[in-house]
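This note's numbering numbers the first residue of the sequence shown as 585 and each following residue consecutively. Note that CB positions come from ideal geometry on N, CA and C, so glycine has one too. Contents: one structure, followed by commentary.
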Amino acid sequence: MATLPANLDLFTLTTSASLFAPHTTTVHTPFPAPPFSPPPPPSHTPSPLHSQTKHKPKPSPTPPTPVATPSSAVYTLPQIRAVHSALLSRASDLQTRLRTRVGASYRELLGTADEIAGMRGAMEEVLGTLGGMGG
Numbered sequence: 585m586a587t588l589p590a591n592l593d594l595f596t597l598t599t600s601a602s603l604f605a606p607h608t609t610t611v612h613t614p615f616p617a618p619p620f621s622p623p624p625p626p627s628h629t630p631s632p633l634h635s636q637t638k639h640k641p642k643p644s645p646t647p648p649t650p651v652a653t654p655s656s657a658v659y660t661l662p663q664i665r666a667v668h669s670a671l672l673s674r675a676s677d678l679q680t681r682l683r684t685r686v687g688a689s690y691r692e693l694l695g696t697a698d699e700i701a702g703m704r705g706a707m708e709e710v711l712g713t714l715g716g717m718g719g
């Protein structure tokens, strides 16, 4: 079983995007991406009619190839699975803690409601006694 990456702290992890934040891992690609070169200029002279209409550039036929930079992080599939498993475990623990807190708060709220109902009964009893004294 793979271990978590050494520079990864699950407790300070705020979003899943931070898993792929730049680190100091060096990436070597066997075939670097070719340098970008602009398209050749048009071979014909535009007519006055063409100069009045707006020309939209055509999209590139192939999307640009992502280039690995020396600062990008690389994790192996077993490491990603280990991170996923650890995050699921942490989420389950946090869910259990939250459920316990909500249950305790709910029980406290019910206790407060019982106290309020008891106070209301005592108040009605006192009002009845005071009303009987006035006569």
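Determine the burial state of residue i: buried for a count of at least 16 other Cβ atoms within 10 Å of its Cβ, exposed for fewer.
i: V710; result: exposed
i: A667; result: First, the residue type needs correcting, since residue 667 is Val and not Ala in the sequence shown. Buried: at least 16 other Cβ atoms inside 10 Å.
From the DSSP output, in three-state form, read off residue i for me.
i: L592; result: coil
i: Y690; result: helix
i: T608; result: With a pLDDT of only 47 at T608, under the threshold of 50, the placement of this residue in the model should not be trusted; the figure read from the coordinates follows. Of the three classes helix, strand and coil, the one that applies to T608 here is coil, per DSSP.
i: V710; result: helix
i: A657; result: coil
i: T684; result: helix
i: T696; result: helix
Could you tell me how far apart the beta carbons of residue i and residue j are, in whole angstroms, since I believe they sit closer than 8 Å?
i: A541; j: L588; result: Because the chain here runs from 585 to 719, residue 541 falls outside it and cannot be looked at.
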